[in-house]
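Colleague: Numbering (UniProt numbering), first residue to last: 1 to 58.
1) Are the beta-carbon atoms belonging to residue 6 and residue 45 less than 7 Å from one another?
2) If you follow the alpha helix (DSSP H) that residue 36 is part of, which residue opens it and which one closes it?
3) How many angstroms separate the CA atom of residue 41 from the CA atom of residue 23?
4) At what residues does the alpha helix (DSSP H) containing residue 30 begin and finish?
5) Can you give the Cα-Cα distance for residue 51 and residue 20, rounded to whole angstroms?
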């Protein structure tokens, strides 16, 4: 699951175009909306790891 998310995030980052707000294509606008989902998944993963391993790592 996480590996697929990382791969999808890499694809989205490769497809992104960093243009001013007025010049963005519809695809660039849609790709921009995926960022919060990736952040949420990665934060969830980090939280699960903290719960599983504890706050003090060996």
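Glycine included, C-beta positions come from ideal geometry on N, C-alpha and C.
Modeller: Let me spell this out:
1) no
2) 35 to 53
3) 29 Å
4) DSSP places residue 30 inside the alpha helix (DSSP H), whose first and last residues are 26 to 32.
5) 40 Å
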